[in-house]
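FYI, the numbering used here numbers position 56 of the sequence shown as 1491, with every residue one higher than the one before it.
Every residue, glycine too, gets a C-beta built ideally from N, C-alpha and C.
Keep in mind the model is a prediction, meaning the values are calculated, not measured.
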Amino acid sequence: MLEIVKYGEPVLVQKAQDVKEFGRKLETLIADMHDALKRDRGIGLAAPQVGVSKRLFIVGLDDEPLRVFINPRIIASSEETCEYEEGCLSFPGLYFGVVRPSAVDIEALDMYGKPFRLSADGLLARVIQHEYDHLDGILFIDRISPAKRRRALAHYSRMLNM
Ligand code: NI
């Protein structure tokens, strides 16, 4: 089983590299990430969170087939924003509201290297943007005000020491 990398590990703040090879090895990585996602009851997981600095993430919403996004590009974001409480498997137990665009259009490759395009809103748009950020080394604590970030990190370190 893949271990989820926690906040503090350098891989989480690195810019990930494009996936160039498709095939059995990639399919195995995706299957292992899917298992880790289910085990930890998450809804999204990016490859850097399992220590693999590649541009790939998965989204697994309830009752929906797993979605795989490889070398994704967000090509449009709505002007309308909304706040939603987010968590992150790399910060277990930490949740806070993050403001992001309400809808996005994204282009990516599927696990076989086939391009697709998707317009997403609601929870799907939210998870896509959170996971996409991981590929650029951006964490959800980077999407809030400095004051709120200090409070969130202080709360997180208190939780870790309990
Ligand atoms: Ni995350």
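Worksheet item: Any heavy atom of the ligand ADP within a distance shorter than 6 Å of the CB on Asp1556?
Response: Looking at this structure, you won't find the ligand ADP anywhere; what it does contain is the ligand NI.
Worksheet item: In whole angstroms, what separates the C-alpha of Ser1488 from that of Asp1577?
Response: As a working mapping, residue 1488 is identified with position 53 in the sequence shown. As a working mapping, residue 1577 is identified with position 142 in the sequence shown. Going by the C-alpha atoms only, they are around 19 Å apart.
Worksheet item: If you measure from the CB of Cys1523, is any heavy atom of the ligand NI nearer than 6 Å?
Response: Along the sequence shown, read from residue 1 onward, the residue named residue 1523 stands at position 88. The answer is yes for Cys1523.
Worksheet entry | Those residues which DSSP pairs with Leu1529 across a bridge | Along the sequence shown, one-based indexing puts residue 1529 at 94. Bridge partners of Leu1529: none, in fact.
Discussion item. Once DSSP output is grouped into helix, strand and coil, what is the label at Tyr1591?
Written reply: The sequence position of residue 1591 within the sequence shown is 156, counting from 1. Helix.
Item to complete: Return the Cβ separation of Ile1510 and Ile1465 in integer angstroms, given the expectation that the two are a contact with Cβ distance under 8 Å.
Response: For the purposes of this step, residue 1510 is identified with residue 75 of the sequence shown, where counting begins at 1. For the purposes of this step, residue 1465 is identified with residue 30 of the sequence shown, where counting begins at 1. That belief does not hold up - the Cβ atoms of Ile1510 and Ile1465 are roughly 23 Å apart, past 8 Å.
Worksheet item: Are the segment 1442-1449 and the segment 1476-1484 touching, with three or more C-beta to C-beta distances below 8 Å?
Response: Below 8 Å, enough C-beta pairs join the segment 1442-1449 and the segment 1476-1484 to call them touching: three or more.
Worksheet item: Among Arg1459, Leu1559, Phe1551 and Met1468, which one has its Cα closest to the Cα of Ser1537?
Response: Position 102 of the sequence shown holds residue 1537. Ser1537 has its Cα closest to that of Leu1559, out of Arg1459, Leu1559, Phe1551 and Met1468.
Worksheet item: Taking the alpha helix (DSSP H) that Arg1459 falls in, what are its first and last residues?
Response: In the sequence shown, the residue the question calls residue 1459 occupies position 24. Looking at the DSSP string, the run of the alpha helix (DSSP H) that includes Arg1459 is Arg1459 to Arg1474.
Discussion item. With three or more beta-carbon pairs closer than 8 Å as the criterion, would you say the segment 1464-1479 touches the segment 1493-1504?
Written reply: yes
Fill in: Backbone CA spacing between Leu1544 and Arg1585 [nearest angstrom]
Taking the sequence shown and counting its residues from 1, one reaches residue 1544 at position 109. Taking the sequence shown and counting its residues from 1, one reaches residue 1585 at position 150. Rounded to whole angstroms, Leu1544 to Arg1585 spans 37 Å at the Cα level.
Discussion item. Short of 7 Å in beta carbon distance, which residues of its chain neighbour Tyr1519, apart from the five on each side in sequence? Order them along the chain.
Written reply: The sequence position of residue 1519 within the sequence shown is 84, counting from 1. So the list reads Gly1532, Val1533 and Arg1561, once near-sequence residues are dropped.
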